[in-house]
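Novice: Chains L and Z, in that order, are what the protein sequence lines are. At the far end of the first sequence sits residue 400, using my numbering, and the numbering has no gaps. At the far end of the second sequence sits residue 529, using my numbering, and the numbering has no gaps.
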Amino acid sequence: MAEIAQTRTPLLPSIPALERTPFHPRLAELNLANAWEPWRGFVTASLFYDVEDEYFAVRTGASLYDVSPMLKYRIAGPEAEAVVDRLVTRRIDRLKPGRVAYAPWCDGRGRVVEEGTIFRLSETEFRINCAEPQLTWFEDAAWGFDATVADVSQEIAGLALQGPTSKQVLQDVGLDAAAALPFFGIGDFATADGVSVTVSRTGFTGDLGYEIWVAPDRALELWDALMRRSEARYLRPIGSRALERTRIEAGHILINVEFVSARRAIRESQTRTPAALGLDWAVDLSKDHFTGKRALLAEREAGGPRKRLVGLDVTGRKPAHGAYLYRKGKEVGQVTSACWSPIAKRNIALATVDASAAGEGTVLDAEIYYRKEITQGKTDAAATVVPPRFYQPAHRRG
Amino acid sequence: MSGAAPFDALVVGGGHNGLVAAALLARAGRRTLLLEASDRLGGMATLAQDCGRLSPTVVRELGLERCGLRLSARAPRTHLLLGPDRRVTIDPDDVAATRAALAALSPRDADAWPGFQQRMARLAAGLAPFLEQTPPRLSFSDWRARWPLLKLAFAVRRMGRADMRDLLRILPMNVADLAEEVFETDALQGLVAFDAVLGDRLGARSPNSVFTLMLRYAGGAPGRPGTPLCVEGGASALIAALETAARGFGAEIRTEAPVARILVEDGAAAGVALEDGTELRAPLVLSSAHPGATLLNLVGPRWLDGDFVRAVRLARGRGVTARLDLTLDGPPPGLVDAAGDRFVHAPSIAMVERAFDAMKYGGVPQDPPFALRLAARDGALTASALVHGAPHDLRGADWAEEGPRLAARIVERLETHWPGFKARVTEARLTDPAQVAARFGAPGGHWHHLELGLDQAFLLRPVPGWAQYATPIDGLFLCGAGAHPGGWITGQPGLNGARAALAAASAGRARAGAGGV
Ligand SMILES: Cc1cc2nc3c(=O)[nH]c(=O)nc-3n(C[C@H](O)[C@H](O)[C@H](O)COP(=O)(O)OP(=O)(O)OC[C@H]3O[C@@H](n4cnc5c(N)ncnc54)[C@H](O)[C@@H]3O)c2cc1C
């Protein structure tokens, strides 16, 4: 009786407990900081020991980041190509099997629903990786076509292996052929220990890197094989904090930071078109119809988006988190992501500003707020608009 | 392009709305071809019993009275069937007789009846500006787009404060609650409830049912608000007049010409392909067919946004109305001059609601409400009933079996009201919603193509954001019952759809002209 009473106490919220990824047993042993955070219902490491060490592993050695919580959808069938082509803003008929494309997808208003990587596994099978649930969106996209959509997230665990020595790490574990994948290539391989994996040459850090996809029941074997090379290759598990810095340096946008999904936004003003996010390069308005095309043509005809995502090079060393941006005293935008970039030795930021203030070389005034022990400090800095690719080492394509 | 297309505009579907649209396009000088799948014109109107809601604007614009249409000054009578040889007659043209007849039921209801008619007519007149016009676009950044909204607001203001309050109070109600407020006899409550739900998937206690009742009172005879227009010869005479008008303006009409696809090039309509493979090209295509059939089948999802396709798929439109046709070998006993009159079996709110209860779960009601009319055709006497009792999504049974059973039950019911009726019936044939769907290419077989309710009306019809007859395909317009203001024989979707297409075409021409300079 007493037990029942306790489990039903109204003070205990009945939220579901966070799930653990297939790599969790190893991550838990290594997480000296015991720093965790939720990611889509899974527990994921914020930090293992030291963010600087983890960051430099990405930039000078190699790193492992558990991407198992990512959502993965399989779209397959005779008309899968047509489905994906109508779904996303890029030409998918030109994507060959064994290749990956990054692309956003929009709603009918041309507002970005999400973005992700699209694996073309064969003529008739695709896999799309993204951050937020898309099952109904994809099913709607496939309606009326001879293709099926399935959420395969739970069937596939994933590790991002990123950093200049990642190629050697792969070779060390018998994945030579995977190591030789071209930039944005993908294929099926087996490790020296006989673990079957799919490897894509993709990542979120802007560095040389791969993502390794494996069946959950072989996940630990894969982890152990890779981590045996930890000492030799300066290979470190990393948490989300180190990753965040590297993705800002790479200029990758993040959902709920640089934009809100068009399906979730409460205010229409928080949604963005691809052009507003600097993704014009990933939009082909001359291709056949895709969802949002008419709206995006209209946007182009009207002179482009009213706001744009830009990179900023900020003076001083105070990260411009959430800074207001002014031009001639008038507020023109806000910083969405910011950090000090150790590798570029620059104070960098991603920001959304009025199109009139988005020209490269425009100098804006940044009003930066920061913690000064127990008070808030404020400082003014000059912020120069630059392309939002702060770190693009040649070796990432090498 | 290989030479100029022989047509400026193609109209898909030869129901009354398609005919109205084709006539208007031809009158505006467009070389117009109408394509009808079946072997006869008229569409669902061939199943209708009256065309009391025909828009006077359509009659005037197309000069239908010059094309043989004769409007009768007489409004049809309604006889309530209340048991063996017990009928109460409501005659809009004879107030005193109606009062006396109703007083036999209840003196209070006899008092209330004319006031209720006037009240509904006044409130429906308040809705009229919404029905006759193309709904405005909701874009608050554009002043020009706000103007029609303001005009509508003024039109509603003209109703006066008391009516406005009344309208806002009763519009979201269900018809049973309203009828119970006003009348005390089951017979009148049942009639009002039946009139509200017939044609829609509603029960007497469903939300939206006051709105659908009000639509019944909108339009109608000029100068007699709320009274149905009476066309001599009924819907078939109307269709004949529309055909004469359309051909007279120079439109070409082809029957047995089912359209298989609407051709799309560069996101714009380019013509149609017929089922026999013939391709016909034209820069304007208007479809009076069901919006889902038009957009999902004839155009196809390849050319449409995913979220738009979802909205079109989700638009509700599963019919619940059947038509029963009876052939009689002689007049039922005691019949005097009842041609054109309506006999209604809907003795109470409870029975209207019970019929809906069955249909909600995909069942066929034991005793559905219906409206019967008698007609003399080619010397033979026929009767037809519109029955609120035939769910398109029948569960655990099929219409091949349920149809004849339902027909038999209705004949039995007529016999109880009208001893001797059954012996006169030589043939009974039920047209269920599945047959309506197949015959007119309207998935769901709904009498308005898409259900009428506040959530699928005005700005929200056929789907939110696309209420201006235009579609995402340039040059493709909707002009049938699935578009605003919806079904019934009104001609308004055809009228508005053709006007929208003509306006867009001349704007496009002006733009192209300006670009050339
Ligand atoms: C049983 C029943 C009784 C009714 N009773 C009444 C009544 O008493 N009073 C009233 O006002 N209303 C009544 N209605 C409603 C009214 O008839 C309809 O709302 C109205 O007729 C719709 O007209 P429309 O022209 O928009 O569409 P439809 O009449 O449906 O016309 C569409 C036409 O398009 C054709 N078509 C479809 N697809 C294609 C294609 N691919 N190629 C070529 N042609 C195609 C169809 O064959 C059809 O002829 C009734 C409806 C039903 C079903």
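Where a beta carbon is used, it is the ideal one built from N, C-alpha and C, also for glycine.
#1: Please indicate yes or no: does the CB of Q129 (chain Z) lie closer than 8 Å to some heavy atom of ligand 1?
#2: Do L73 (chain L) and R22 (chain L) have their C-beta atoms within less than 9 Å of each other?
#3: T101 (chain Z) lies in the alpha helix (DSSP H); which residues open and close that run?
#4: R65 (chain Z): beta carbon under 8 Å from a heavy atom of ligand 1?
#5: Measuring CB to CB, does T204 (chain L) end up less than 9 Å from F186 (chain L)?
#6: Just how far apart, CA to CA, sit I94 (chain L) and R296 (chain L)?
#7: If we count the other Cβ atoms within 10 Å of its Cβ and call it buried at 16 or more, is L241 (chain Z) buried or exposed?
#8: Ignore the nearest five residues each way along the sequence and tell me which others in N33 (chain L)'s own chain have a CB closer than 7 Å to its CB.
#9: So which residues on chain B does R322 (chain Z) lean against when the C-beta distance must stay under 8 Å?
#10: Exposed or buried, what is Q394 (chain L) when buried is set at 16 or more other beta-carbons lying within 10 Å of its beta-carbon?
#11: Relative to the alpha-carbon of E414 (chain Z), which residue among Z:L190, Z:L296, Z:S118, Z:R441 has its alpha-carbon at the smallest distance?
#12: Do we get a CB-CB distance below 9 Å when we pair G527 (chain Z) with the residues of chain L?
#13: Put S84 (chain Z) into one of helix, strand or coil per three-state DSSP.
#14: From E270 (chain L) to Q378 (chain Z), what distance separates their C-alpha atoms?
#15: In angstroms with no decimal places, state the Cα-to-Cα distance between P24 (chain L) and A334 (chain Z).
#16: Going by other Cβ atoms of all chains shown within 10 Å of its Cβ, with 16 needed for buried, is E255 (chain Z) buried or exposed?
#17: To the nearest whole angstrom, what separates the beta carbons of L314 (chain L) and A278 (chain L), a pair I think is in contact under 8 Å?
#18: Would the beta-carbon of R451 (chain Z) be found less than 8 Å away from any heavy atom of ligand 1?
#19: Which residues, in order along the region 83-101 of chain L, keep a beta-carbon less than 9 Å from a beta-carbon of chain Z?
#20: Note down, in chain order, every chain Z residue with its Cβ under 9 Å from the Cβ of D148 (chain L).
#21: Short check: CB of I345 (chain L) to CB of E260 (chain L), under 9 Å?
#22: Measure from the C-beta of W315 (chain Z) to each C-beta in chain L and report whether the shortest distance is under 9 Å.
#23: When the cut-off is 9 Å and only beta carbons count, does R296 (chain L) lie next to chain Z?
#24: Report buried or exposed for P416 (chain Z), applying the criterion of at least 16 other Cβ atoms within 10 angstroms of its Cβ.
#25: Taking the alpha carbon of F530 (chain Z) as the point to measure from, which residue in Z:M363, Z:L59, Z:A137 has its own alpha carbon closest?
#26: Between the Cα of E73 (chain Z) and those of Z:R86, Z:V448, Z:R436, Z:A253, spot the shortest distance and give me the residue it belongs to.
#27: How is S118 (chain Z) classed by DSSP in three states: helix, strand or coil?
#28: Going along the chain, which residues of its own chain have a beta-carbon closer than 7 Å to the beta-carbon of L316 (chain Z), five neighbours each way excluded?
#29: For a contact meaning CB atoms closer than 7 Å, what does T126 (chain L) contact in chain Z?
#30: For chain Z, check one thing: does any of its Cβ atoms lie closer than 9 Å to the Cβ of T377 (chain L)?
#31: In chain order, what are the residue ranges of uninterrupted beta strand (DSSP E) at least 3 long that sit wholly in the region 305-358 of chain Z?
#32: Quick one: give me the first and last residue of the alpha helix (DSSP H) that L183 (chain L) is part of.
#33: Would you kindly work out how many angstroms separate the C-alpha atoms of E362 (chain L) and P307 (chain L), rounded to a whole number?
#34: Classify K372 (chain Z) as buried or exposed, calling it buried when 16 or more other Cβ atoms lie within 10 Å of its own Cβ.
#35: Comparing C-alpha positions only, which one of L:T248, L:R302, L:Y212 sits nearest to L287 (chain L)?
#36: Run the CB neighbour count on P345 (chain Z), radius 10 Å, all protein chains shown included, and call it buried at 16 or more, exposed below.
Specialist: Once the coordinates are examined:
#1: As a working mapping, residue 129 (chain Z) is identified with position 117 in the second sequence. No, the Cβ of Q129 (chain Z) stays beyond 8 Å of every heavy atom of ligand 1.
#2: Position 71 of the first sequence holds residue 73 (chain L). Position 20 of the first sequence holds residue 22 (chain L). Contact: no.
#3: Taking the second sequence and counting its residues from 1, the one referred to as residue 101 (chain Z) is at position 89. Taken as a continuous stretch (DSSP letters only), T101 (chain Z) belongs to no alpha helix (DSSP H), being part of the beta strand (DSSP E) at 99-102.
#4: Within the second sequence, numbered from 1, the residue matching residue 65 (chain Z) stands at position 53. R65 (chain Z): yes, Cβ under 8 Å from ligand 1.
#5: Locating residue 204 (chain L) in the first sequence gives position 202, where the first residue counts as 1. Locating residue 186 (chain L) in the first sequence gives position 184, where the first residue counts as 1. Contact flag set, yes.
#6: As a working note, residue 94 (chain L) is residue 92 in the first sequence. As a working note, residue 296 (chain L) is residue 294 in the first sequence. Looking at the two C-alpha atoms, the distance is approximately 18 Å.
#7: Here the question's residue 241 (chain Z) lines up with position 229 in the second sequence. Buried, by the Cβ-count rule.
#8: On the first sequence, residue 33 (chain L) is found 31 positions in, with the first residue counted as 1. Apart from sequence neighbours up to five positions away, the residues of its chain that approach N33 (chain L) with a beta-carbon distance below 7 Å are A47, F50, ordered along the chain.
#9: Among the protein chains of the structure shown, namely L and Z, there is no chain B.
#10: Along the first sequence, one-based indexing puts residue 394 (chain L) at 392. Exposed: under 16 other Cβ atoms inside 10 Å.
#11: In the second sequence, residue 414 (chain Z) corresponds to position 402, counting from 1. It is Z:R441 whose Cα lies nearest to the Cα of E414 (chain Z).
#12: Indexing the second sequence from 1 puts residue 527 (chain Z) at position 515. With a pLDDT of only 39 at G527 (chain Z), under the threshold of 50, the placement of this residue in the model should not be trusted; the figure read from the coordinates follows. No, no contact with chain L.
#13: Stepping through the second sequence from its first residue, residue 84 (chain Z) is reached at position 72. Correct three-state label for S84 (chain Z): strand.
#14: Here residue 270 (chain L) refers to the residue found at position 268 when the first sequence is read from its first residue. Here residue 378 (chain Z) refers to the residue found at position 366 when the second sequence is read from its first residue. Using only the alpha carbons, I get a separation of about 51 Å.
#15: Start at 1 with the first residue of the first sequence, and residue 24 (chain L) comes out as number 22. Start at 1 with the first residue of the second sequence, and residue 334 (chain Z) comes out as number 322. Answer to the nearest angstrom: the Cα atoms are 59 Å apart.
#16: Within the second sequence, the letter at position 243 stands for residue 255 (chain Z). It is buried - the Cβ of E255 (chain Z) has at least 16 other Cβ atoms within 10 Å.
#17: Counting from one through the first sequence, the residue named residue 314 (chain L) turns up at place 312. Counting from one through the first sequence, the residue named residue 278 (chain L) turns up at place 276. Not quite, the Cβ-Cβ distance comes to about 16 Å (not below 8 Å), so this is no contact.
#18: Here residue 451 (chain Z) corresponds to residue number 439 of the second sequence, with the count starting at 1. Yes - ligand 1 has a heavy atom lying nearer than 8 Å to the Cβ of R451 (chain Z).
#19: A84, R88, L89
#20: Counting from 1 along the first sequence, the entry for residue 148 (chain L) is found at position 146. Going along chain Z, no residue has its Cβ under 9 Å from D148 (chain L), so there is no contact; the nearest lies around 12 Å.
#21: On the first sequence, position 343 is the one that residue 345 (chain L) refers to. On the first sequence, position 258 is the one that residue 260 (chain L) refers to. No. Outside cutoff.
#22: Residue mapping note: residue 315 (chain Z) aligns to position 303 of the second sequence, counting from 1. Yes, its Cβ sits closer than 9 Å to a Cβ of chain L.
#23: In the first sequence, counting from the first residue as 1, residue 296 (chain L) sits at position 294. Using beta-carbon distances, R296 (chain L) counts as an interface residue toward chain Z, with a partner under 9 Å.
#24: Counting from 1 along the second sequence, the entry for residue 416 (chain Z) is found at position 404. Classified as exposed, P416 (chain Z) has fewer than 16 neighbouring CB atoms from the shown chains inside 10 Å of its CB.
#25: No statement about residue 530 (chain Z) is possible, as the shown extent of chain Z runs from 13 to 529 and does not include it.
#26: Taking the first residue of the second sequence as 1, we reach residue 73 (chain Z) at position 61. Checked all of Z:R86, Z:V448, Z:R436, Z:A253; the closest Cα to E73 (chain Z) is Z:A253.
#27: The residue you call residue 118 (chain Z) lines up with position 106 of the second sequence. Coil at S118 (chain Z), not helix or strand.
#28: Within the second sequence, residue 316 (chain Z) is the residue found at index 304, counting from 1. Taken in chain order, the residues that qualify are L307, P484.
#29: Here residue 126 (chain L) is taken as the residue at index 124 of the first sequence, counted from 1. One finds nothing in chain Z with a Cβ atom closer than 7 Å to the Cβ of T126 (chain L); even the nearest lies about 17 Å away.
#30: Translated into the one-based positions of the first sequence, residue 377 (chain L) becomes position 375. So, not an interface residue.
#31: Runs of the beta strand (DSSP E) inside the region 305-358 of chain Z: 333-340, 354-357.
#32: As a working mapping, residue 183 (chain L) is identified with position 181 in the first sequence. No alpha helix (DSSP H) holds L183 (chain L); DSSP gives it neither H nor E.
#33: The residue you call residue 362 (chain L) lines up with position 360 of the first sequence. The residue you call residue 307 (chain L) lines up with position 305 of the first sequence. Their backbone Cα atoms lie some 16 Å apart in a straight line.
#34: Counting from 1 along the second sequence, the entry for residue 372 (chain Z) is found at position 360. Exposed: under 16 other Cβ atoms inside 10 Å.
#35: Position 285 of the first sequence, counted from the start, is the residue given in the question as residue 287 (chain L). Among L:T248, L:R302, L:Y212, the Cα nearest to that of L287 (chain L) is on L:R302.
#36: Walking along the second sequence from the start, residue 345 (chain Z) turns up at place 333. It is exposed - the Cβ of P345 (chain Z) has fewer than 16 other Cβ atoms within 10 Å.
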